[in-house]
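Residue numbers (our numbering): 9 to 474.
Ideal Cβ placement from N, Cα and C applies to all residues, glycine included.
Step one of this worksheet: look at the structure below.
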Ligand code: DMJ
């Protein structure tokens, strides 16, 4: 779940919009996309970030400006971009980011930050930087950040508050969704491993178990929960934006850490999801919303975040469902030429026309290509890439789109474009086969962690796994 509060440093958020039709297509859009082409587009966008937004969270790619999530920058673009630089072999750029984070960035800031968002992007990014560099000063930064984030977990249920103040540790926001409540196992587990202190993993696990233990008799979780009372505030059950990474982290954290409790939780959850949620026809497969207590279908809507799910199904060995789901999403992409943020599959209309350069459908194409070896997934990637070049490319970088029916650009380059979207394209087109889904597990922000680094006997000690 993302959607940030974009606090603009200066210019208003209403943007000079560019009609995509008015744009000249770059040469790359006419010819087959390659990993080298992706790398050069990544570099072009990174150079624009450096020129126009250095020191800030986000590049504004139409007005050539910047914005910050909060009243001070947390340097989220460079922290998110770092792992992609390493995957692409952009070592000079990566070194520059490492030095900057080490020497010029402090997280001692009187800011309320979104616990979930900073966990996957900042903590995940810093831990990944440590993996590649083994620089003890970067680990200190990650630990410092993790300690500040940990204050969010002080609720009676152990589920983190929505907001935590990085300096004071004050918390607020009792209502969180399942993804914001229970997606901490992965980063907290890695921090425990690197620091040899189980307290981080134990806090992340407590939050996840707090959600899981409140599942219905059908083994389904709801949507929003109160972190103080543990009461469900919305009993719709689903797998999309607001729930997605809770399930993703049950699976991926088991894969990285081998904690048998997570396998039990994952197995029960995926069985219930596939029993109650899918709506299937001969040509399509959708996962909408059901009532967690009765299993009755409630809402026939999806969000583009749901397109991560084929990757998890495929990793879990459920190839036929994964392929059908990815094919359904591919059809939706082609209906508009980019993916709408929300879609009602009964009414067949968009419920949210934005496209923020999100990676999920590309991520799933990459997993499916790796697992099945079918060329059609690389071909799908070509379509995604060429459409993004066609509609989202600006003279300096790429922009998200405020309406996929008009292709109006809206002047934002989300940080996950650097972390995820370009990385998955690069890997899908064969850019760096040494970073792959057999040897690495990717966090939900696509920061890849090497499985061989996590030794089973040490994991038990350092994470406190029984
Ligand atoms: C990313 O920030 C993460 O993948 C998150 O879990 C949900 N999706 C966004 C990008 O779309």
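With a CB to CB cut of under 7 Å and the five nearest residues on each side skipped, what residues in its chain are close to residue i?
| i | result |
| --- | --- |
| residue 92 | 50, 426, 427, 430, 431 |
| residue 113 | 83 |
| residue 459 | 264, 447, 448, 449 |
| residue 32 | Residue confidence is low: residue 32 scores 38 on pLDDT, short of 50, so the model does not pin down where it sits. No coordinate-derived value is stated. |
| residue 380 | 327 |
| residue 159 | 172, 177, 179 |
| residue 316 | 252, 256, 368, 371, 372 |
| residue 2 | Not covered by the structure: residue 2. The range shown for the chain is 9 to 474. |
| residue 374 | 432, 435, 436 |
| residue 262 | 270, 271, 274 |
| residue 276 | 227 |
What does a CB cutoff of less than 6 Å around residue i pick up in its chain, not counting 5 residues either side in sequence?
| i | result |
| --- | --- |
| residue 136 | 91, 455 |
| residue 267 | 473 |
| residue 393 | 41, 433 |
| residue 305 | 298 |
| residue 105 | 86, 90 |
| residue 468 | none |
| residue 224 | 300, 301 |
| residue 210 | 472 |
| residue 318 | 330, 333, 334, 372 |
| residue 452 | 128, 253, 256 |
Between residue i and residue j, how many whole angstroms is the CB-CB distance? I'm expecting something under 8 Å.
| i | j | result |
| --- | --- | --- |
| residue 120 | residue 171 | 4 Å |
| residue 322 | residue 251 | Incorrect: roughly 19 Å between the Cβ atoms, too far for contact. |
| residue 351 | residue 333 | Contact doesn't hold; Cβ gap of about 14 Å is too wide. |
| residue 89 | residue 439 | Going by Cβ atoms, the distance from residue 89 to residue 439 rounds to 15 Å, so no, they are not a contact pair. |
| residue 285 | residue 231 | Not really, about 13 Å apart at Cβ, beyond 8 Å. |
In chain order, what residues of the same chain lie with their CB nearer than 8 Å to the CB of residue i, ignoring the 5 residues before and after it?
| i | result |
| --- | --- |
| residue 34 | With a pLDDT of only 46 at residue 34, under 50, the local geometry of the prediction cannot be trusted, and no value is derived from it. |
| residue 219 | 167, 186, 189, 190, 229, 233, 254 |
| residue 30 | Since pLDDT at residue 30 reaches only 32, below the 50 mark, its modelled position is unreliable, and the value read off the structure follows with that caveat. Cβ within range, chain order: n/a, list empty. |
| residue 110 | 143, 145, 146, 149 |
| residue 347 | 312, 315, 337, 340, 341, 363, 366, 369, 412 |
Let me know the secondary structure DSSP gives residue i once reduced to three states.
| i | result |
| --- | --- |
| residue 272 | helix |
| residue 231 | coil |
| residue 256 | helix |
| residue 314 | helix |
| residue 349 | coil |
| residue 142 | coil |
| residue 7 | Since the displayed the chain opens at 9 and closes at 474, residue 7 lies outside it and no answer follows. |
| residue 408 | coil |
| residue 122 | strand |
| residue 277 | helix |
| residue 70 | coil |
| residue 380 | helix |
| residue 336 | helix |
| residue 199 | helix |
| residue 101 | helix |
| residue 463 | coil |
| residue 394 | helix |
| residue 458 | strand |
| residue 429 | helix |
| residue 469 | helix |
| residue 77 | coil |
| residue 244 | strand |
Between the options, which lies nearest to residue i when the distance is taken from Cα to Cα?
| i | options | result |
| --- | --- | --- |
| residue 157 | 180, 145, 144 | 180 |
| residue 173 | 161, 66, 183 | 161 |
| residue 144 | 387, 107, 129, 281 | 107 |
| residue 100 | 138, 420, 54, 74 | 54 |
| residue 364 | 421, 235, 286, 371 | 421 |
| residue 240 | 361, 198, 184 | 184 |
| residue 81 | 94, 96, 71, 61 | 61 |
| residue 378 | 443, 215, 274, 202 | 443 |
| residue 214 | 270, 227, 260 | 270 |
| residue 354 | 309, 382, 424, 331 | 309 |
| residue 283 | 226, 320, 272, 200 | 226 |
| residue 195 | 345, 457, 274 | 457 |
| residue 280 | 261, 303, 290, 288 | 303 |
| residue 65 | 464, 424, 441 | 424 |
| residue 115 | 324, 383, 151 | 151 |
| residue 163 | 462, 202, 204, 237 | 237 |
Specify, as a first and last residue, the run of the alpha helix (DSSP H) that residue i falls within.
| i | result |
| --- | --- |
| residue 445 | No alpha helix (DSSP H) holds residue 445; DSSP gives it neither H nor E. |
| residue 294 | Element bounds for residue 294: not the alpha helix (DSSP H) but the beta strand (DSSP E), 293-295. |
| residue 95 | 84-96 |
With residue i as the anchor, note down where its beta strand (DSSP E) starts and where it stops.
| i | result |
| --- | --- |
| residue 219 | Premise fails: residue 219 lies in the alpha helix (DSSP H), 207-220, not in any beta strand (DSSP E). |
| residue 185 | 183-185 |
| residue 50 | Run containing residue 50: none in the beta strand (DSSP E); it sits in the alpha helix (DSSP H), 43-61. |
| residue 364 | Residue 364 -> no beta strand (DSSP E), and no H or E assigned at all. |
| residue 305 | 305-307 |
| residue 173 | 171-173 |
| residue 286 | 286-288 |
Less than 7 Å separating the Cβ of residue i from some heavy atom of the ligand NAD?
| i | result |
| --- | --- |
| residue 362 | By its list of ligands, the structure shown excludes the ligand NAD, since it contains just the ligand DMJ. |
Are the C-beta atoms of residue i and some chain B residue less than 8 Å apart?
| i | result |
| --- | --- |
| residue 134 | In the structure shown, chain B does not exist; there is a single protein chain. |
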